[in-house]
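In this note's numbering, the protein residues as written are 635 to 1058.
Below you can see the structure in the form of structure tokens.
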């Protein structure tokens, strides 16, 4: 007579039910088997700016510091603010086609964000030549008068497509008006001959917004902007004595004593045949400049009392690759300081790409003094709001790995039970 064999089978069925229930429960819980996308990394206040027929800027902030990338036109673009985790995210995409619709996505903390509204249309190819260099630039400080780096600056001028930039470690921001488009994106934007009102909106990493009412005649340069103060500052930010080294956190362009070449950066692409080259050196020093291509274009610039130098070539540079070399004699070391950068000038028919002026600095003292600060009028404009939704259609966070593991374990257990059932 055979022995009763129901116990192993019954035990296997019970364990299978327990494993399935546990797997379903665990799949709804946060786990650490694979990276999870935090809700604090959702993009907020996403803006599409600096649209041309070949390029565009996309920016946003996140509550937490998160690593991010932009996917557009089958290419991946890195965050220009930081190569690691950051709360401020700024991308520049180039090599696009004119008058073409594009869809993009964001990858933040390993999670992909898509939306039906993550679309843009590039501008038409302008019929008129590229305008001469024209800048809007300035410096941003924190409420405690420290240099404000990694801050996004939005510039809204009536008749122009939305513009933006971000601040460097020295607190400088720079928007090239020469390669900005009109609001219909059909041709270059031309700054009005008479001053018109404009808005400058500064968004810090914590999401705080500082909005300035301004006029277009004071863009070169814009008086200092202090976060949290909705008026422009002119002279209230303390300046270290000439030649004195500032303390940590107070380093700015007034105290720079080493030779630097800020514009162009290494490998930059410029869209104007007569760009502005600038940097810093010891005050009142002579800087020798040479631009090497098919022919050599050379000149000199003398730095001002703050150490800033600026030079524009006397003739248009030919399209193609160039090398700029700047030299200055260092009175302290007794040697010539030398810096060389490679850059490319685009042909007029190929359309612009972003230039180094998006994040470069230039000397305030090389420009005529600006008038007294402009205060915000009574009818202060409303702060800039996000132009598109940042909600993601991505699935709810979860992990199916525990369920798969437990089901596999249960199946193995059942097969083992069947095997034992037949042996007994």
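Cβ atoms here follow ideal geometry from the backbone N, Cα and C, with glycine treated the same way. Keep in mind it's a predicted model, so treat the numbers as computed, not measured.
task: Please state whether DSSP places residue 905 in a helix, a strand or coil.
output: In the chain shown, counting from the first residue as 1, residue 905 sits at position 271. In the structure shown, residue 905 sits in coil (DSSP, three-state: anything other than H, G, I, E or B).
query: Of all the options 777, 704, 733, 744, which has the alpha carbon lying nearest to the alpha carbon of residue 726?
result: Numbered from its first residue, the chain shown carries residue 726 at position 92. Of all alpha-carbon atoms in 777, 704, 733, 744, the one lying nearest the alpha-carbon of residue 726 is that of 704.
query: Going by alpha carbons, who is nearest to residue 810 out of 824, 769, 850?
result: Taking the first residue of the chain shown as position 1, residue 810 is located at position 176. Considering only alpha carbons, the answer is 769.
query: How many Å lie between residue 983 and residue 905 at the Cα?
result: Walking along the chain shown from the start, residue 983 turns up at place 349. Walking along the chain shown from the start, residue 905 turns up at place 271. Note that residue 983 has pLDDT 46, beneath the 50 cutoff, so the model's placement of it is unreliable and the number below is only indicative. Their Cα atoms are separated by approximately 10 Å.
message: For residue 835, tell me which candidate among 822, 816, 825, 856 has the shortest Cα-Cα distance.
response: Along the chain shown, one-based indexing puts residue 835 at 201. Nearest option by C-alpha distance: 856.
field: Residue closest to residue 946, alpha-carbon to alpha-carbon, out of 711, 936, 733, 788
entry: As a working note, residue 946 is residue 312 in the chain shown. Out of 711, 936, 733, 788, 936 has the C-alpha closest to the C-alpha of residue 946.
task: Classify residue 1046 as buried or exposed, calling it buried when 16 or more other Cβ atoms lie within 10 Å of its own Cβ.
output: Taking the first residue of the chain shown as 1, we reach residue 1046 at position 412. Answer is exposed; the Cβ neighbour count stays below 16.
message: Let's test the definition: count the other Cβ atoms within 10 Å of the Cβ of residue 722 and tell me whether it reaches 16, buried, or not, exposed.
response: Mapped onto the chain shown, residue 722 falls at position 88. Counting Cβ neighbours within 10 Å, residue 722 comes out buried, since at least 16 surround it.
message: So, does the region 821-828 touch the region 730-748, judging by three or more C-beta pairs under 8 Å?
response: no
task: Provide the residue(s) that pair with residue 954 in DSSP beta bridges, ordered along the chain.
output: For the purposes of this step, residue 954 is identified with residue 320 of the chain shown, where counting begins at 1. In the DSSP output, where bridge partners are listed per residue, residue 954 has 979.
- prompt: Roughly how many whole angstroms lie between the Cα atoms of residue 636 and residue 1042?
  reply: As a position in the chain shown, residue 636 is number 2, starting the count at 1. As a position in the chain shown, residue 1042 is number 408, starting the count at 1. Unreliable placement is indicated for residue 636, whose pLDDT of 49 sits below 50; no coordinate value is reported for it.
- request: Grab me the residues of residue 755's own chain with a C-beta within less than 6 Å of its C-beta, minus the 5 sequence neighbours each way, in chain order.
  value: In the chain shown, residue 755 corresponds to position 121, counting from 1. The residues are 735.
message: Taking 8 Å as the threshold (C-beta atoms), are residue 925 and residue 973 in contact?
response: On the chain shown, residue 973 is found 339 positions in, with the first residue counted as 1. On the chain shown, residue 925 is found 291 positions in, with the first residue counted as 1. Not a contact, by the Cβ cut-off of 8 Å.
- request: Under the assumption that residue 691 contacts residue 798 (Cβ atoms under 8 Å), give the Cβ distance between them as a whole number of angstroms.
  value: In the chain shown, the residue the question calls residue 691 occupies position 57. In the chain shown, the residue the question calls residue 798 occupies position 164. Residue 691 to residue 798, Cβ: 6 Å. Contact.
message: Short of 6 Å in beta carbon distance, which residues of its chain neighbour residue 674, apart from the five on each side in sequence? Order them along the chain.
response: The sequence position of residue 674 within the chain shown is 40, counting from 1. Hits under 6 Å: 697, 698.
Nearest candidate by alpha-carbon position, reference residue 784, set 831, 832, 837, 751: To locate residue 784, count along the chain shown from 1; it is residue 150. Ranking 831, 832, 837, 751 by Cα distance to residue 784 puts 837 first.
message: Residues in the same chain with beta-carbon distance under 8 Å from residue 840, minus the five sequence neighbours each way, listed in chain order, please.
response: On the chain shown, residue 840 is found 206 positions in, with the first residue counted as 1. Around residue 840: 721.
Exposed unless 16 or more other CB atoms sit within 10 angstroms - verdict on residue 928: Position 294 of the chain shown, counting from 1, holds the residue named residue 928. Result: exposed.
query: For the ligand ADP, any of its heavy atoms closer than 7 Å to the Cβ of residue 854?
result: With respect to the ligand ADP, the structure shown offers nothing to examine, as it has no ligands at all.
task: Going by CA-CA distance only, name the one from 821, 902, 790, 805 that's closest to residue 832.
output: Within the chain shown, numbered from 1, the residue matching residue 832 stands at position 198. Per the Cα distances, 790.
query: Hey, how far is the Cα of residue 688 from the Cα of residue 951?
result: Within the chain shown, the letter at position 54 stands for residue 688. Within the chain shown, the letter at position 317 stands for residue 951. Straight-line Cα distance between these residues: approximately 21 Å.
query: DSSP three-state call for residue 850: helix, strand or coil?
result: Reading the chain shown from its first residue, position 216 is the one you call residue 850. Correct three-state label for residue 850: helix.
message: Let me confirm a value: residue 730 is counted as buried when at least 16 other C-beta atoms fall within 10 Å, else exposed. Which label applies?
response: What you label residue 730 is simply residue 96 of the chain shown in a count that begins at 1. That one is buried.
- request: Within 10 angstroms of the Cβ of residue 955, are there 16 or more other Cβ atoms? Answer buried if so, exposed if not.
  value: As a working note, residue 955 is residue 321 in the chain shown. Residue 955 comes out exposed.
- prompt: If you compare alpha carbons, which of 759, 686, 896 is closest to residue 941?
  reply: Position 307 of the chain shown holds residue 941. For the residues 759, 686, 896, the minimum Cα distance to residue 941 belongs to 896.
query: CA-CA distance, residue 695 and residue 773?
result: By one-based count along the chain shown, residue 695 stands at place 61. By one-based count along the chain shown, residue 773 stands at place 139. If I take the Cα positions, the gap works out to 20 Å.
Limits of the beta strand (DSSP E) - the one that residue 721 falls within: Reading the chain shown from its first residue, position 87 is the one you call residue 721. Looking at the DSSP string, the run of the beta strand (DSSP E) that includes residue 721 is 720-727.
message: Please tell me whether residue 782 and residue 802 are closer than 8 Å, where the distance is taken between their beta carbons.
response: Within the chain shown, numbered from 1, the residue matching residue 782 stands at position 148. Within the chain shown, numbered from 1, the residue matching residue 802 stands at position 168. No. Outside cutoff.
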